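Worksheet: one structure, shown below.
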Ligand code: AVJ
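In my numbering, the protein residues as written are 99 to 423.
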C-alpha cells in the first residue's frame, strides 16, 4: 500500500534539472545560480564571443601553449594506442592541435568527446574530421559532473583532457570529488591533461571578466533570460548590473548580478515570487585561479601525480600532465 503524500507537490517544472536549480538557488540566502545555466544556445554563442575578446586571455593563451608544446605533451603520453577522452569537450575548438600531435606520436588514436550538449558534439565531430581525419570519434552526451561512467573502459592507454580552466568553476571540495571520481574510472598509468588559469595581477583578471564591449555582462544576464524563456520568468535583465569581483581569500573571480532596485520577480512555472532588495545580488559563477603549487596539491588530493607542466611566457595559464597514481 502506498501512503498518499501530505506534502504539497511542487510544480512539475521544479523537478526538471533547470527548474530544481533555479528554485534552489533563488530561495537560498545569499541567492545563487549555477554557472551551467549560462550555456543554452544563446549562452554558448556568447561564450564563444568571450573567447575572442582582447581582455579574455585564457583561450588564446592555452591554445598557444598547445601549439608550442602539444608535441611534447603527446610524446610524454607515448603509447602505440591512445584513447583521448575529453570532459566538457564542447565543439573541441582547441583539441584539434592535440589530436594532430597524437597522430604523430601514436599509431592509433580514438577521440571520445563527452559533453552535455549534443549540438556541440556534432560540431566537434565535424571539427576533428576536418583537421585530424585519421582520428575516429566516438561522442557521448553525458554530465560528467554527475557520474564518470561516460569515461570509456579501453584497452588503449587513456589520456583524459580537462582543459579550458573548466575545473575553475568548482569549489575546492567539489573539484576534489570530481578528480577522485575520474581517478576511480582510470587505471594506474592513465593520464590527465588539466588546463588551469593562474593567479595574476588583479586588474588583468577583473578586465577578463568585465570586458569593455559588455559581452561578459550579457553572458551573465543570459542566466536571467534563460529563466524567462524556459520557466516563464519575469526578470527584466536590464535591472541587474553585472559585477566581477576578485576574492583574494578564496583565490577566485566571482560573477554577480546585482539588483539595481527593490523588485519582485515572478517565476510562473515554479509558482515562485522572488524578492530583491536594492543592491542584493545573485552569485552566478566562481572562477578559481591557481598557482603551480595549488594546482599540484589539488591533483594530488584527487589521486594524481604531476609528471610535467607547461606555461606561457607570462605564466598566465598552466597545463599539467598528471598520472593516475
Ligand atoms: C568556461 C568556466 C572557463 O571561468 O573563465 C568566461 C567561463 N565566465 N567569462 C571562465 C566564463 C565568464 C569560463 N570557463
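We treat Cβ as the ideally placed atom computed from N, Cα and C, and that holds for glycine. Just so you know, these numbers come straight off a predicted model, no measurement behind them.
Using 8 Å for Cβ pairs, my map puts residue i next to residue j. What's the rounded Cβ distance?
i, j, result
"residue 169", "residue 186", "Not confirmed; about 24 Å, so no contact."
"residue 422", "residue 287", "7 Å"
"residue 360", "residue 339", "Not a contact, Cβ separation roughly 14 Å."
"residue 275", "residue 388", "So it is not a contact: roughly 17 Å between Cβ atoms."
"residue 208", "residue 232", "No, residue 208 and residue 232 are not in contact; Cβ-Cβ is about 10 Å, not under 8 Å."
"residue 313", "residue 191", "Not a contact, Cβ separation roughly 17 Å."
"residue 181", "residue 254", "4 Å"
"residue 218", "residue 188", "5 Å"
"residue 151", "residue 311", "7 Å"
"residue 370", "residue 124", "7 Å"
Taking all protein chains shown into account, decide if residue i is buried (16 or more other Cβ within 10 angstroms of its Cβ) or exposed.
i, result
"residue 302", "exposed"
"residue 357", "buried"
"residue 99", "Unreliable positioning characterises residue 99 in this predicted model, as indicated by a pLDDT of 49, which lies under 50. The coordinate reading is nonetheless provided below. By the 10 Å Cβ count, residue 99 comes out exposed."
"residue 107", "exposed"
"residue 383", "buried"
"residue 283", "buried"
"residue 178", "exposed"
"residue 133", "buried"
"residue 251", "exposed"
"residue 256", "buried"
"residue 166", "exposed"
"residue 184", "buried"
"residue 122", "exposed"
"residue 320", "buried"
"residue 241", "exposed"
"residue 245", "exposed"
"residue 139", "exposed"
"residue 347", "exposed"
For the ligand AVJ, is there a heavy atom less than 7 Å away from the beta-carbon of residue i?
i, result
"residue 156", "yes"
"residue 314", "yes"
"residue 121", "no"
"residue 267", "yes"
"residue 307", "yes"
"residue 247", "no"
"residue 148", "yes"
"residue 353", "yes"
"residue 317", "yes"
"residue 244", "no"
"residue 272", "no"
"residue 264", "yes"
"residue 379", "no"
"residue 385", "yes"
Excluding five sequence neighbours on each side, which residues of the same chain lie with their C-beta closer than 6 Å to the C-beta of residue i?
i, result
"residue 163", "408, 410 and 417"
"residue 290", "258, 402 and 420"
"residue 157", "149"
"residue 404", "394, 397, 418 and 420"
"residue 203", "172 and 173"
"residue 380", "129, 131 and 355"
"residue 71", "The shown model of the chain, from 99 to 423, leaves out residue 71, and the question about it has no answer."
Who are the near neighbours of residue i in its chain, counting only those whose CB is closer than 8 Å to its CB and skipping five residues on each side?
i, result
"residue 329", "111, 116, 117, 120, 365, 366, 367 and 368"
"residue 263", "156, 160, 293, 294, 295, 385 and 415"
"residue 224", "none"
"residue 392", "349"
"residue 270", "386 and 396"
"residue 205", "178 and 179"
Less than 7 Å between C-beta atoms, sequence neighbours within five positions excluded: which residues of the same chain meet that for residue i?
i, result
"residue 229", "194 and 198"
"residue 238", "210, 212 and 248"
"residue 344", "300, 303, 304 and 351"
"residue 236", "208 and 210"
"residue 317", "136, 141, 144, 145 and 148"
"residue 373", "362"
Does any CB atom of chain C fall closer than 8 Å to the CB of residue i?
i, result
"residue 245", "Judged by its chain identifiers, the structure shown contains no chain C, having just a single protein chain."
Does the distance between the C-beta of residue i and the nearest non-hydrogen atom of the ligand NAP fall short of 7 Å?
i, result
"residue 168", "This structure does not include the ligand NAP; its bound ligands are the ligand AVJ."
Just to confirm the assignment: which complete beta strand (DSSP E) runs, minimum length 3, are found wholly within the region 226–304? 255–260 and 289–295
Which runs of the beta strand (DSSP E) spanning at least 3 residues fall entirely within the region 334–412, listed in chain order? Qualifying beta strand (DSSP E) stretches, in chain order: 338–345, 350–357, 361–365, 370–374, 379–386 and 402–409.
Entirely enclosed alpha helix (DSSP H) segments - the region 109–135, minimum 4 residues: If we require 4 residues or more, the alpha helix (DSSP H) runs fully inside the region 109–135 come out as 115–124.
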